[in-house]
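First up is the structure itself, then whatever we jot down about it.
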Amino acid sequence: VAHRYGFAVGNAEGPADSLETLFGAVVKDDLGTGRRDVWQAPAGHLLGEAVPVVKADAGAREDALWLLTVAYDPAVHRSRLVILDGEGVGDGPVAEVHLPFHVPLGFHGNFSPG
-3 VAHRYGFAVG
7 NAEGPADSLE
17 TLFGAVVKDD
27 LGTGRRDVWQ
37 APAGHLLGEA
47 VPVVKADAGA
57 REDALWLLTV
67 AYDPAVHRSR
77 LVILDGEGVG
87 DGPVAEVHLP
97 FHVPLGFHGN
107 FSPG
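The opening residue of the sequence shown carries number -3 in my numbering; numbering runs sequentially from there.
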């Protein structure tokens, strides 16, 4: 099955020299055109895996999804849930849920509709 888009948490600015640069951005790659769309987290923040959640009205649009990632701010030892629109990753978060605690970052995540 061919896919047009790839989504990942990673580094969009060259070689990573720390965890912050290795896991500091959400990247959308258009495998058809080579275009890259990036949201860079604030400096020093670490991101967990970007978990895709298909939009209710997605139809055949492959990038019609929400990307959920946990962002950890080590300066205040707190996390927040960041929600990005898969159709405009570089536009930044459409919503954030600030938590009064930190969530340990995991290597993999998943979503199950309720």
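Ideal Cβ placement from N, Cα and C applies to all residues, glycine included. Being a predicted model, the structure only gives us computed values, none of them experimental.
task = List the residues that DSSP assigns as beta-bridge partners of leucine 64.
result = Residue numbering aside, residue 64 sits at position 68 when the sequence shown is read from its first letter. Looking at the DSSP assignment, leucine 64 forms a beta bridge with Val47 and Ile79.
request  = Decide yes or no for the touch test of the segment 30 to 45 against the segment 72 to 87: beta carbon pairs closer than 8 Å, at least 3 of them.
outcome  = With the cut-off at 8 Å, the segment 30 to 45 and the segment 72 to 87 touch.
query = If you follow the beta strand (DSSP E) that proline 132 is part of, which residue opens it and which one closes it?
reply = Outside the shown range of the chain (-3 to 110) lies residue 132, about which nothing can therefore be said.
query = By Cβ distance below 8 Å, which residues in the same chain neighbour tyrosine 1 in space, the five residues on each side in sequence not counted?
reply = The count along the sequence shown starts at 1 and reaches residue 1 at position 5. If the five residues before and after tyrosine 1 are omitted, its C-beta is found closer than 8 Å to the C-beta atoms of Lys24, Asp25, Asp26, Leu27, Glu58, Asp59 and Gly82, all from its own chain and listed in chain order.
ask   = So, helix, strand or coil for valine 5, using DSSP?
value = Position 9 of the sequence shown, counting from 1, holds the residue named residue 5. DSSP places valine 5 in strand when its eight states are reduced to three.
task = Verify whether the separation of the beta carbon atoms of alanine 71 and glycine 44 is less than 9 Å.
result = Start at 1 with the first residue of the sequence shown, and residue 71 comes out as number 75. Start at 1 with the first residue of the sequence shown, and residue 44 comes out as number 48. By the CB criterion at 9 Å, alanine 71 and glycine 44 fall outside the cutoff.
query = Run through DSSP, which three-state label would leucine 18 get?
reply = One-based indexing of the sequence shown puts residue 18 at position 22. The DSSP-derived three-state label of leucine 18 is helix.
query = Across which residues does DSSP place arginine 32 in a beta bridge pair?
reply = Along the sequence shown, one-based indexing puts residue 32 at 36. By DSSP's assignment, arginine 32 forms a beta bridge with Asp25.
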